[in-house]
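Enquirer: The sequence shown begins at 11 in the working numbering and counts up one residue at a time.
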Amino acid sequence: MSTLLSKEFLRRLDGISLLLRRPVAGHLRGQHRSRRTGLGMIFADYRPYSTGDDIRNLDWATYMRLDRLVLRMFEEEADTPIYILIDNSSSMGGEVSGKLEMAKKFAAVLAYIGLLNHDRVSLISFSDGVVKEMPGRRGKNQMWRAMHFLESLKNEGQTNLANTFRRFFGIGRTRGLVFVISDFLLEETLEDSFRPLIQYGHDVFAGHIIAPEEENPSLDGQVVLIDSESREALSAQVTETMLATYRTEFNKYRANTEQFFKRAGWSYVPLRTDVDFEASVLTALKKEGMFR
Numbered sequence: 011m012s013t014l015l016s017k018e019f020l021r022r023l024d025g026i027s028l029l030l031r032r033p034v035a036g037h038l039r040g041q042h043r044s045r046r047t048g049l050g051m052i053f054a055d056y057r058p059y060s061t062g063d064d065i066r067n068l069d070w071a072t073y074m075r076l077d078r079l080v081l082r083m084f085e086e087e088a089d090t091p092i093y094i095l096i097d098n099s100s101s102m103g104g105e106v107s108g109k110l111e112m113a114k115k116f117a118a119v120l121a122y123i124g125l126l127n128h129d130r131v132s133l134i135s136f137s138d139g140v141v142k143e144m145p146g147r148r149g150k151n152q153m154w155r156a157m158h159f160l161e162s163l164k165n166e167g168q169t170n171l172a173n174t175f176r177r178f179f180g181i182g183r184t185r186g187l188v189f190v191i192s193d194f195l196l197e198e199t200l201e202d203s204f205r206p207l208i209q210y211g212h213d214v215f216a217g218h219i220i221a222p223e224e225e226n227p228s229l230d231g232q233v234v235l236i237d238s239e240s241r242e243a244l245s246a247q248v249t250e251t252m253l254a255t256y257r258t259e260f261n262k263y264r265a266n267t268e269q270f271f272k273r274a275g276w277s278y279v280p281l282r283t284d285v286d287f288e289a290s291v292l293t294a295l296k297k298e299g300m301f302r
């Protein structure tokens, strides 16, 4: 089916579905569980009967036993839009390899789970705005289309999350579960970048792609550093003291990134390119409470 994920790994994804942290609107009933009470498929609780309620949901056994009219309440299996945004800006490629490939694999996992559970899955690649889009699809038979979309992505442009969010979500998209997969190497602050998305009320999950060369660069002596997105060059004499300062600042940046998402009540998972993806991703998602 794909060069991104092995068949054995895809089989491990069968039976998994993604959980929302809060209820969102849905129209058709798929297999994705939202925490919303209604007259649906999965029994949740009872409530007293009121005039006008659908008598088909009366619990007659309880009536016979207690002489009380009560309705059986259920949790709906709601069709929830899943939006998967993949950063394919220049900083996700270049000299530091593996980041875009990791992002594609993570997006493939999310798309597979969503499609398998009959949720509407949209794939969006972005840099300074929306680059490409696979509009909402449903059903496992659409997986080939999702894989083709992901495999076609190339690095291009500079990252502008706020512009991407405004362009894509600013046209009245149904609230849903938004996965943002990026290295989060941004010119603007995370607060400014995500402000448009906060206003739209989506449930957000951040997949933070980290390459070891960014965390602990192997540089020494006189070097010319080139910004992978702006192409600006900087000549520098790299010393061990400078590298130690850089490592401290990078760790601070990574911690601040995680804290931003946690403060917002959103999920955050770091994904390192030097760690076996298939061996680690399910553990990371389960730890964040994203699976049922």
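Built from N, CA and C at the ideal position, the CB exists for glycine as well.
No experiment lies behind these values; they were computed from the predicted model shown.
Can you tell me which of T61, L68, Y73, L120 puts its alpha carbon nearest to the alpha carbon of L292?
Expert: L120
Enquirer: Between which two residues does the alpha helix (DSSP H) harbouring I123 extend?
Expert: 109-126
Enquirer: Do L163 and N98 have their C-beta atoms within less than 9 Å of each other?
Expert: yes
Enquirer: Between the region 123-142 and the region 203-215, can you find at least three pairs of beta-carbon atoms closer than 8 Å?
Expert: no
Enquirer: List the endpoints of the continuous alpha helix (DSSP H) containing R241.
Expert: DSSP places R241 in no alpha helix (DSSP H); its state is neither H nor E.
Enquirer: Keeping to the same chain, check which residues put their C-beta closer than 8 Å to that of P227; ignore five residues upstream and five downstream.
Expert: L253, Y256
Enquirer: Spell out a yes or no on whether the region 135-151 and the region 168-187 are touching, meaning 3 or more CB-CB pairs, one atom from each, closer than 8 Å.
Expert: yes
Enquirer: Please name the residue in M112, M102, T90 whose C-alpha comes closest to that of L126.
Expert: T90
Enquirer: Between which residues of its own chain and I181 is the CB-CB distance below 8 Å, once the five residues before and five after are set aside?
Expert: none
Enquirer: Which two residues bound the contiguous beta strand (DSSP E) that contains I208?
Expert: Here I208 belongs to no beta strand (DSSP E); instead the alpha helix (DSSP H) covers 200-210.
Enquirer: Measure how close the beta-carbons of D69 and R57 come, nearest whole angstrom, since I'm counting them as under 8 Å.
Expert: At roughly 10 Å, the Cβ-Cβ gap does not stay under 8 Å, so D69 and R57 are not in contact.
Enquirer: If we require 4 or more residues per run, which alpha helix (DSSP H) segments fall completely within the region 214-240?
Expert: Within the region 214-240, the complete alpha helix (DSSP H) segments at least 4 residues long are 222-225, listed from N- to C-terminus.
Enquirer: So is G124 buried or exposed if we call it buried at 16+ other beta carbons inside 10 Å?
Expert: Burial state of G124 is buried, judged by a 10 Å Cβ sphere holding 16 or more other Cβ atoms.
Enquirer: Take L15 and list the residues in its own chain whose beta-carbon comes closer than 8 Å to its own, dropping the five residues that flank it on each side.
Expert: K115, A118, V119, Y122, E288
Enquirer: Let me confirm a value: A156 is counted as buried when at least 16 other C-beta atoms fall within 10 Å, else exposed. Which label applies?
Expert: buried
Enquirer: Flag this pair as yes or no: are the beta carbons of L271 and Y278 separated by less than 9 Å?
Expert: In the sequence as displayed, the identity of residue 271 is Phe instead of Leu. Yes, Cβ-Cβ distance for F271 and Y278 is below 9 Å.
Enquirer: For a test of the three-state rule: what should DSSP assign to E18, helix, strand or coil?
Expert: helix
Enquirer: What is the DSSP secondary structure of E320, counted as helix, strand or coil?
Expert: The chain is shown from 11 up to 302; residue 320 falls before or after that span and cannot be answered.
Enquirer: Would you kindly work out how many angstroms separate the C-alpha atoms of H212 and P222, rounded to a whole number?
Expert: Counting only the Cα atoms, P222 lies some 31 Å from H212.
Enquirer: If E225 sits next to S101, beta carbons under 8 Å apart, how far is it from one beta carbon to the other, in whole angstroms?
Expert: The pair is not a contact, with the Cβ atoms about 14 Å apart (cut-off 8 Å).
Enquirer: Quick check on the DSSP output: the alpha helix (DSSP H) that includes S290 runs from which residue to which?
Expert: 287-297
Enquirer: Spatial neighbours of S245 within its chain, please: C-beta separation below 6 Å, excluding the five flanking residues on both sides.
Expert: V234
Enquirer: Drop a sphere of 10 angstroms on the beta-carbon of S290, count the other beta-carbons inside from all chains shown, and report buried for 16 or more, exposed for fewer.
Expert: exposed
Enquirer: Grouping DSSP H, G and I as helix and E and B as strand, with all else coil, what is F178?
Expert: helix
Enquirer: In chain order, what residues of the same chain lie with their CB nearer than 6 Å to the CB of L171, ignoring the 5 residues before and after it?
Expert: Cβ neighbours of L171 beyond the five flanking positions: S203.
Enquirer: Could you say which of W154, G231, M144 lies nearest to V248 if we only look at CA atoms?
Expert: Among W154, G231, M144, the Cα nearest to that of V248 is on G231.
Enquirer: N173 to E198, Cα distance in whole Å?
Expert: E198 has its alpha-carbon roughly 11 Å from the corresponding atom of N173.
Enquirer: Is A172 helix, strand or coil when you go by DSSP?
Expert: helix
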